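Enquirer: Order-wise, the sequence lines are chains A and B. Residues in the first sequence are numbered consecutively from 699, following my numbering. Residues in the second sequence are numbered consecutively from 6, following my numbering. All C-beta atoms, glycine included, are put in the ideal place defined by N, C-alpha and C. As the structure is a prediction and not an experimental result, all values here were calculated from the model. Pasting a structure here, questions to come.
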Amino acid sequence: MSQDTLFDKVWDLHKVSSLPGGSDQIFIGLHLIHEVTSPQAFGALKDKKLKVKFPDRTVATVDHIVPTDNQSRPFKDNLAEQMIETLEKNCLEHKIRFFNIGSGNQGIVHVVAPELGLTQPGMTIACGDSHTSTHGAFGSIAFGIGTSQVRDVLATQTLAMNKLKVRQIWCDNKLSKGVYAKDLVLHIINKLGVKAGAGFAYEFAGPAIHELSMEERMTICNMSIEGGARCGYINPDEKTFSYIKNKLHAPKNEHWDRALRWWESLKSDENSIYDDVIKLDASKVEPTVTWGITPGQSISINQQIPLLDELSPNDKLVAEEAYEYMSFKPGQLIKDTPVDVCFIGSCTNGRISDLRVAAKVLKGKKVSKNVKAFAVPGSEKVATKAKQEGLDQIFKDSGFQWREPGCSMCLAMNSDKLIGNQVSASSSNRNFKGRQGSPSGRTLLMSPAMVAAAAINGKVSDVREFIN
Amino acid sequence: MKSDFTPPIGKISNINGQCISLIGNDIDTDRIIPARFLKCVNFDSLGESVFEDDRKTLKGKHPFDLEENKNASILVVNSNFGCGSSREHAPQALMRWGIKAIIGESFADIFYSNCIAIGIPCFTLPKKSIEEIQNYCNNQSLLLEIDLKNSLAKSKDLNFVLEIKESSRKMFLSGEWDATATLLENSIFIERKSKELPYIEFGYDF
């Protein structure tokens, strides 16, 4: 059993009681909600005649269903309009802070909370979205929950949960040029498998992690869930503190000094005990692309799609399904696979640094004429910043469409969808069957820089050939 | 989808029903209920759309479309079932189709919590036993009697000792799987905890 890790300290601090069945009752410091997983929770609250217990500890935004081409109201899609109206009504009725479209603070919930300084070290954070693990980049304990648990957090500000085990993933050395946080996390998921994280929180540590910017750390923690871990975190350091400082809702003045002292004390102790430790060499990671239907099915850009015999017995069943669905032959190279759609955005890679790195690749180049390419900033703040830096113009000049903020084609709940069996090069997080809106659509996950390179060549490419 | 759907309430100690086998590892919640069906403000109509895309692809041959499975209520799956999105719509859709319990090699964490929170016990068995059940189901109907008190599954030909987290088992037997009331009983401690946490004092400056 783990001891003296950040996870242990934060969990123990938030424990309200031991429940009769043996699970713990955990206080949730920050509850984030959005339009898709909250309406039924508010409905249940009404049925049970309950109120929101701590309305100022819940924050709402709208992201999953928002159109990215025209956000004027009412939305063209009646169901999407009904969902945003329901969220507006629920927030008003329960006095919950809501960052609506046009507020300047709307966006993907996991982009918005950190950029507003709501996400802070040492907090427990829950949201009805599996990518809540993103917030662990700040040394918070953050995890996705379902709608019944959203109801419980609204009604009680607590959850019934079993304590997770802690696995440290130690990343030595540092990433090479042209290799990004996305490549590292895809590599980790490939090595450990998509279910290895069940029952675990992942602590990402080591020189390669320390070297990463806060936004890159968010990319890593974001995809913990794709490795089966509902929670992933990184111990806070100077980079964490300077990212938070002066953000809208960050602690101010004398509170800042006290916060800083407390945050410092939360780091995993030097002699803390983990349930498991995995070590890997980050300098060996190359630009990585998925070829299959789970985020674990990835290879380096110059590798061949694995043969069935090269896979462990447990991976064979899904591999066979993947060859068929993706129309790939075992042994085929992933490089030069033609792509139809290129998507840059999502809670994994829709932040300003992602847009900067993609713009650098695109500058002065043109998107292949066979490719539909679009960039969706993660939030209104990201969009504003990108415009200030002239990034939107670089995207547009290259032939990319420049869109309004939202989740967009990561899960295709709006009109941004693949058609038929189109292949997308996507900076998002899931390559599941049908994920990007077409039941036969095919997704290749990669870093935003690699998506930009694929857009230019019209096929999967090695971004290292574009950067000097 | 069963027209007479009523959600489970209170203590759950016995589940008797026919098994339905669904073969495959890493079956994610996008497959259980594709995202386009999440555009709803209640769960009522999800049952008919469960596995919609997989079912269309298999043109009537998906286990959820086979006539012999129409009254089945115990789903038997392989490993990492329910991975991916946290959407509770997935177990809600399964439940509204008629599923009352799931037996699998392993489950994704969030899916598992969602099942517990809505009253669907999830049990695990070793790969070999799951394959035994799935092979049996291929040839004939398997009626299982699940006894949560003793974690046993019995049938005419096959018997198993089921694995389930002890906390989950206790919550089903006591009815506390519907957690809100239990959590609220500790209101005093919740208030006290909220005052103890350093960051509450830092404030969000709303």
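Please report the residue range of the alpha helix (DSSP H) in which phenylalanine 1130 of chain A lies.
Expert: Reading the first sequence from its first residue, position 432 is the one you call residue 1130 of chain A. Here phenylalanine 1130 of chain A belongs to no alpha helix (DSSP H), and DSSP marks it neither H nor E.
Enquirer: Give me the Cα-Cα distance between leucine 814 of chain A and tyrosine 931 of chain A, rounded to the nearest whole angstrom.
Expert: Within the first sequence, numbered from 1, the residue matching residue 814 of chain A stands at position 116. Within the first sequence, numbered from 1, the residue matching residue 931 of chain A stands at position 233. Roughly 19 Å between the two C-alpha positions.
Enquirer: Relative to chain A, which residues along the stretch 22 to 49 of chain B have a C-beta separation below 9 Å, given in chain order?
Expert: Going along the stretch 22 to 49 of chain B in chain order, one finds Ile28, Gly29, Asn30, Asp31, Asp33, Thr34, Asp35, Arg36, Pro39, Ala40, Arg41, Leu43, Lys44, Cys45, Val46, Asn47 and Phe48 with a Cβ nearer than 9 Å to chain A.
Enquirer: Lysine 977 of chain A lies in the beta strand (DSSP E); which residues open and close that run?
Expert: Within the first sequence, numbered from 1, the residue matching residue 977 of chain A stands at position 279. Its beta strand (DSSP E) spans residues 974 to 979.
Enquirer: When burial is assigned at 16 or more other CB atoms within 10 Å of the CB, is aspartate 114 of chain B buried or exposed?
Expert: Indexing the second sequence from 1 puts residue 114 of chain B at position 109. Buried, since its Cβ has 16 or more Cβ neighbours within 10 Å.
Enquirer: Can you tell me where the alpha helix (DSSP H) holding phenylalanine 177 of chain B begins and where it ends?
Expert: For the purposes of this step, residue 177 of chain B is taken as residue 172 along the second sequence, with counting starting at 1. Residues 171 to 179.
Enquirer: Mind listing, in chain order, the continuous beta strand (DSSP E) runs of no fewer than 3 residues lying wholly within the stretch 858 to 934 of chain A?
Expert: Those beta strand (DSSP E) runs which fall completely within the stretch 858 to 934 of chain A and span 3+ residues are 863 to 870, 898 to 903 and 929 to 931.
Enquirer: Rounded to whole angstroms, how far is the Cβ of lysine 893 of chain A from the Cβ of serine 84 of chain B, which I believe are closer than 8 Å?
Expert: The sequence position of residue 893 of chain A within the first sequence is 195, counting from 1. The sequence position of residue 84 of chain B within the second sequence is 79, counting from 1. About 6 Å; that satisfies the 8 Å criterion.
Enquirer: Kindly indicate which three-state DSSP category glycine 22 of chain B falls into: helix, strand or coil?
Expert: Sequence index remark: in the second sequence, residue 22 of chain B carries index 17 (1-based). In this structure, glycine 22 of chain B counts as strand in the three-state DSSP scheme.
Enquirer: Taking one C-beta from the stretch 1079 to 1088 of chain A and one from the stretch 1108 to 1119 of chain A each time, how about it: are there three or more such pairs within less than 8 Å?
Expert: Not touching, per the Cβ criterion.
Enquirer: Do leucine 1005 of chain A and proline 1036 of chain A have their C-beta atoms within less than 9 Å of each other?
Expert: Position 307 of the first sequence holds residue 1005 of chain A. Position 338 of the first sequence holds residue 1036 of chain A. Against a cut-off of 9 Å, the Cβ pair of proline 1036 of chain A and leucine 1005 of chain A comes out as no contact.
Enquirer: Can you find the residues in the same chain that come closer than 6 Å, C-beta to C-beta, to alanine 1057 of chain A, ignoring five residues on each side of it along the sequence?
Expert: The residue given as residue 1057 of chain A occupies position 359 in the first sequence. Within the same chain, alanine 1057 of chain A has close Cβ partners Leu1089 and Ile1092.
Enquirer: For tryptophan 960 of chain A, go through chain E and note every residue whose CB falls closer than 7 Å to its CB, in chain order.
Expert: The structure shown contains no chain E; its protein chains are A and B.
Enquirer: Quick check on the burial criterion: 16 or more other C-beta atoms within 10 angstroms. Buried or exposed for phenylalanine 898 of chain A?
Expert: Taking the first sequence and counting its residues from 1, one reaches residue 898 of chain A at position 200. It is buried - the Cβ of phenylalanine 898 of chain A has at least 16 other Cβ atoms within 10 Å.
Enquirer: Which whole-angstrom value is the C-beta distance of cysteine 1045 of chain A and asparagine 920 of chain A, which I expect to be below 8 Å?
Expert: As a working note, residue 1045 of chain A is residue 347 in the first sequence. As a working note, residue 920 of chain A is residue 222 in the first sequence. Cysteine 1045 of chain A to asparagine 920 of chain A, Cβ: 6 Å. Contact.
Enquirer: Out of A/Pro718, A/Cys1108 and A/Leu1053, point me to the one whose CA is closest to glutamine 913 of chain A's CA.
Expert: The residue you call residue 913 of chain A lines up with position 215 of the first sequence. Just to set this straight, residue 913 of chain A is glutamate in the shown sequence, not glutamine. For glutamate 913 of chain A, the nearest C-alpha among the options comes from A/Leu1053.
Enquirer: Could you tell me the alpha carbon to alpha carbon distance between proline 68 of chain B and valine 82 of chain B, rounded to whole angstroms?
Expert: Position 63 of the second sequence holds residue 68 of chain B. Position 77 of the second sequence holds residue 82 of chain B. So the alpha carbons of these two residues sit roughly 12 Å apart.
Enquirer: Going by DSSP in three states, cysteine 1045 of chain A sits in which element: helix, strand or coil?
Expert: Position 347 of the first sequence, counting from 1, holds the residue named residue 1045 of chain A. Looking at cysteine 1045 of chain A - three-state DSSP - the assignment turns out to be helix.
Enquirer: Step through the CB atoms of chain A and report whether any lies within less than 9 Å of the CB of proline 131 of chain B.
Expert: If you number the second sequence from 1, residue 131 of chain B lands on position 126. No, no contact with chain A.
Enquirer: State buried or exposed for glutamate 1008 of chain A, treating a residue as buried only when at least 16 other CB atoms are found within 10 Å of its CB.
Expert: Your numbering for residue 1008 of chain A matches position 310 in the first sequence. Exposed, by the Cβ-count rule.
Enquirer: From glycine 1043 of chain A to methionine 1144 of chain A, what does the alpha carbon distance come to, in whole angstroms?
Expert: As a working note, residue 1043 of chain A is residue 345 in the first sequence. As a working note, residue 1144 of chain A is residue 446 in the first sequence. If I take the Cα positions, the gap works out to 12 Å.
Enquirer: Is it a yes or a no for the stretch 1136 to 1143 of chain A touching the stretch 138 to 146 of chain B, going by three-plus beta-carbon pairs under 8 Å?
Expert: Contact between the stretch 1136 to 1143 of chain A and the stretch 138 to 146 of chain B is absent, because fewer than three Cβ pairs lie under 8 Å.
Enquirer: Would you report the Cα separation of lysine 744 of chain A and alanine 906 of chain A, rounded to the nearest angstrom?
Expert: As a first step, residue 744 of chain A must be located in the first sequence, where it is residue number 46. As a first step, residue 906 of chain A must be located in the first sequence, where it is residue number 208. When rounded, the distance between both Cα atoms is 48 Å.
Enquirer: Which residues mark the beginning and the end of the alpha helix (DSSP H) in which glycine 109 of chain B is found?
Expert: As a first step, residue 109 of chain B must be located in the second sequence, where it is residue number 104. Per DSSP, glycine 109 of chain B belongs to no alpha helix (DSSP H); it is in the beta strand (DSSP E), 106 to 109.
Enquirer: Report yes or no: is there a C-beta of chain B within less than 9 Å of the C-beta of histidine 732 of chain A?
Expert: On the first sequence, position 34 is the one that residue 732 of chain A refers to. No, no contact with chain B.
Enquirer: Can you check whether the C-beta of aspartate 70 of chain B is within less than 9 Å of a C-beta belonging to chain A?
Expert: By 1-based counting over the second sequence, the position of residue 70 of chain B is 65. So no, aspartate 70 of chain B is outside the interface.
Enquirer: Can you list, in chain order, the residues of its chain whose CB lies under 6 Å from that of phenylalanine 1164 of chain A, leaving out five sequence neighbours each side?
Expert: The residue you call residue 1164 of chain A lines up with position 466 of the first sequence. Excluding positions up to five away in sequence, the list reads Val1059 and Ala1151.
Enquirer: How is aspartate 35 of chain B classed by DSSP in three states: helix, strand or coil?
Expert: Start at 1 with the first residue of the second sequence, and residue 35 of chain B comes out as number 30. Three-state result, aspartate 35 of chain B: helix.
Enquirer: Which of the three DSSP states, helix, strand or coil, is assigned to histidine 712 of chain A?
Expert: Counting from 1 along the first sequence, the entry for residue 712 of chain A is found at position 14. In the structure shown, histidine 712 of chain A sits in a helix (DSSP, three-state: H, G or I).
Enquirer: Would a check of beta-carbon distances place alanine 957 of chain A closer than 9 Å to chain B?
Expert: The sequence position of residue 957 of chain A within the first sequence is 259, counting from 1. For alanine 957 of chain A, the answer is yes, since a Cβ of chain B falls inside 9 Å of its Cβ.
Enquirer: For aspartate 1090 of chain A, report the span of its alpha helix (DSSP H) as first-last.
Expert: Locating residue 1090 of chain A in the first sequence gives position 392, where the first residue counts as 1. From DSSP, the alpha helix (DSSP H) with aspartate 1090 of chain A extends over 1089 to 1096.
Enquirer: Output, in sequence order along the chain, the residues in the stretch 847 to 865 of chain A whose CB is closer than 7 Å to any CB in chain B.
Expert: Cβ contacts with chain B come from Gln847, Arg849, Asp850, Ala853, Thr854, Gln855, Thr856, Ala858 and Asn860.
Enquirer: Beta-carbon of leucine 147 of chain B versus every beta-carbon of chain A: anything under 9 Å?
Expert: The sequence position of residue 147 of chain B within the second sequence is 142, counting from 1. Chain A, which has no Cβ nearer than 9 Å to the Cβ of leucine 147 of chain B, makes this no.
Enquirer: Can you pull the chain A neighbours of methionine 176 of chain B, defined as C-beta to C-beta under 7 Å?
Expert: Counted from its first residue, the second sequence places residue 176 of chain B at position 171. Those are Gly719, listed as they occur along chain A.
Enquirer: Does the beta carbon of alanine 98 of chain B come closer than 9 Å to any beta carbon on chain A?
Expert: Locating residue 98 of chain B in the second sequence gives position 93, counting from the first residue. Not closer than 9 Å to any Cβ of chain A, the Cβ of alanine 98 of chain B fails to qualify, so no.
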